[in-house]
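> Mapped onto this note's numbering, the consecutive letters of the sequence shown carry residue numbers 2 to 245. Glycine included, C-beta positions come from ideal geometry on N, C-alpha and C.
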Amino acid sequence: MLASNSSLEARVTFMLQFHRVISPSVNRGFFSLPREIRDKIYIFAIPRGEWRITNIDEFEQENLTGGIGDPSGFYYPLSKDLVVLRANKQMRLEALPFAYRRTTFILDDLDDVIKLLVAIGQVGRDNIESLRFPWESRTDLEFTWKAGSPDSDESPLRLPVLHASRCVQLLRQCKRLKHLRLYFEEELVLSMKPDDFMADPGVKELSSLQGITRLEVWDLGDSSLEHCRTAKLLREKIESVKED
């Protein structure tokens with residue numbers, strides 16, 4: 002047991018400020034601490050934060066390609082600001098799960114979710130706890146637009162078909178995923194009968210996810226759809242699914 006939070010904070014400060022010049026003896030001293038204590042130190046050293054894809058081209062060319070070549074996810078560049086992930090390999094190995102658990106991942110659509118969950122590898126999927134993204138697909142929207150009437154200026158509103166199943170397959174591998182915020186086009190949710198919405202193949206697969214303790218359903222304007230019966234049905238369905 003640790004004597005106090007202040008002693009933990011002091012140790013964390015030492016690690017962050019002097020990790021580049023830690024001598025082998027000090028390094029050995031840290032790793033001789035019980036794992037429970039080291040884990041608590043990592044939690045203090047890693048603040049809660051949010052993660053977004055800031056440059057999709059760079060992400061696809063570097064991060065996604067690198068992730069495919071590193072299925073473990075050990076080398077995925079989650080954050081350059083987390084010093085504890087750059088100290089040495091053993092510290093990275095021990096701290097990386099906490100970095101994923103303390104980060105909320107915010108994506109633009111389910112296509113990006115698929116790319117992220119492939120890129121972060123096994124360690125990322127095993128530890129990610131919070132995700133936010135619109136339940137729509139750019140690829141699906143483009144396909145629908147091209148297949149629509151050439152005289153129409155608007156693409157018909159519909160739930161995604163392409164990639165929905167693959168997205169859910171990867172979400173099922175996220176063993177610690179507890180908090181999910183899904184965004185929908187409000188007009189789509191309000192225009193569909195609740196039974197038709199819940200019977201959609203992608204939504205049915207989504208509703209089978211296990212372990213989600215908190216589902217939020219929002220519109221694309223960043224407002225809650227909790228007042229909508231369809232949103233309530235989806236939340237109740239997903240939150241009621243028990244883990245095997």
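Measure the alpha-carbon distance for residue 218 versus residue 160 and round it to whole angstroms.
On the sequence shown, position 217 is the one that residue 218 refers to. On the sequence shown, position 159 is the one that residue 160 refers to. In a straight line, the C-alpha of residue 218 is about 14 angstroms away from that of residue 160.
> When you compare only the Cα positions, how much space is there between residue 137 and residue 244?
For the purposes of this step, residue 137 is taken as the residue at position 136 of the sequence shown. For the purposes of this step, residue 244 is taken as the residue at position 243 of the sequence shown. Those two C-alpha atoms are separated by around 26 angstroms.
> Strictly by DSSP, which residues pair up with residue 219?
Taking the sequence shown and counting its residues from 1, one reaches residue 219 at position 218. 184, 225.
> What first and last residue would you give for the beta strand (DSSP E) that runs through residue 60?
Here residue 60 refers to the residue found at position 59 of the sequence shown. Segment: none, residue 60 is in no beta strand (DSSP E) and carries neither H nor E.
> Determine the DSSP secondary structure at residue 54, reduced to helix, strand or coil.
In the sequence shown, residue 54 corresponds to position 53, counting from 1. If DSSP states are grouped into helix, strand and coil, residue 54 belongs with coil.
> Which residues does DSSP list as the beta-bridge partners of residue 31?
In the sequence shown, the residue the question calls residue 31 occupies position 30. DSSP output for residue 31 lists no bridge partner at all.
> How should residue 242 be labelled, buried or exposed, when 16 other C-beta atoms within 10 angstroms of its C-beta is the threshold for buried?
Locating residue 242 in the sequence shown gives position 241, where the first residue counts as 1. Under this definition residue 242 is an exposed residue.
> Please state whether the Cβ-Cβ distance between residue 142 and residue 106 is less than 8 angstroms.
Taking the sequence shown and counting its residues from 1, one reaches residue 142 at position 141. Taking the sequence shown and counting its residues from 1, one reaches residue 106 at position 105. No, Cβ-Cβ distance for residue 142 and residue 106 is not below 8 angstroms.
> Confirm, please, whether the CB-CB distance from residue 221 to residue 135 is below 8 angstroms.
Looking up residue 135 in the sequence shown gives position 134. Looking up residue 221 in the sequence shown gives position 220. In this structure, residue 221 lies closer than 8 angstroms to residue 135 by Cβ.
> Determine the contact status of residue 203 and residue 165, defining contact as a CB-CB distance below 8 angstroms.
Within the sequence shown, residue 203 is the residue found at index 202, counting from 1. Within the sequence shown, residue 165 is the residue found at index 164, counting from 1. Yes, they are a contact pair.
> Whose C-alpha, out of 120, 88, 79, is nearest the C-alpha of residue 100?
In the sequence shown, the residue the question calls residue 100 occupies position 99. For the residues 120, 88, 79, the minimum Cα distance to residue 100 belongs to 79.
> Measure the beta-carbon distance from residue 54 to residue 45 and round it to whole angstroms, keeping in mind my assumption that it falls under 8 angstroms.
Translated into positions along the sequence shown, residue 54 becomes position 53. Translated into positions along the sequence shown, residue 45 becomes position 44. Wrong, their Cβ atoms sit about 28 angstroms apart, outside the cutoff.
> Compare the beta carbon distance of residue 190 and residue 226 with 8 angstroms and say whether it is the shorter of the two.
Position 189 of the sequence shown, counted from the first residue, corresponds to residue 190. Position 225 of the sequence shown, counted from the first residue, corresponds to residue 226. Yes.
> How long is the line joining the alpha carbons of residue 62 and residue 41, rounded to whole angstroms?
For the purposes of this step, residue 62 is taken as the residue at position 61 of the sequence shown. For the purposes of this step, residue 41 is taken as the residue at position 40 of the sequence shown. Rounded to the nearest angstrom, the two C-alpha atoms are 35 angstroms apart.
> So what does residue 104 bridge to, in DSSP terms?
As a first step, residue 104 must be located in the sequence shown, where it is residue number 103. Note: residue 104 sits in a beta bridge opposite 50.
> Mapping DSSP to helix, strand and coil, what is residue 202?
Residue mapping note: residue 202 aligns to position 201 of the sequence shown, counting from 1. If DSSP states are grouped into helix, strand and coil, residue 202 belongs with the helices.
> According to the neighbour-count rule (16 or more other Cβ atoms, all chains shown, within 10 Å of its Cβ), is residue 208 buried or exposed?
For this step, residue 208 is matched to residue 207 along the sequence shown. So residue 208 counts as buried.
> What does DSSP give as the partner residues of residue 39 in its beta bridges?
Position 38 of the sequence shown holds residue 39. DSSP lists no partner for residue 39.
> Specify, as a first and last residue, the run of the beta strand (DSSP E) that residue 131 falls within.
Along the sequence shown, read from residue 1 onward, the residue named residue 131 stands at position 130. Run containing residue 131: 131–135, per the beta strand (DSSP E) assignment.
> Determine the extent of the alpha helix (DSSP H) in which residue 125 is found, giving its start and end residues.
Start at 1 with the first residue of the sequence shown, and residue 125 comes out as number 124. Where residue 125 is concerned, the enclosing alpha helix (DSSP H) stretches over 122–128.
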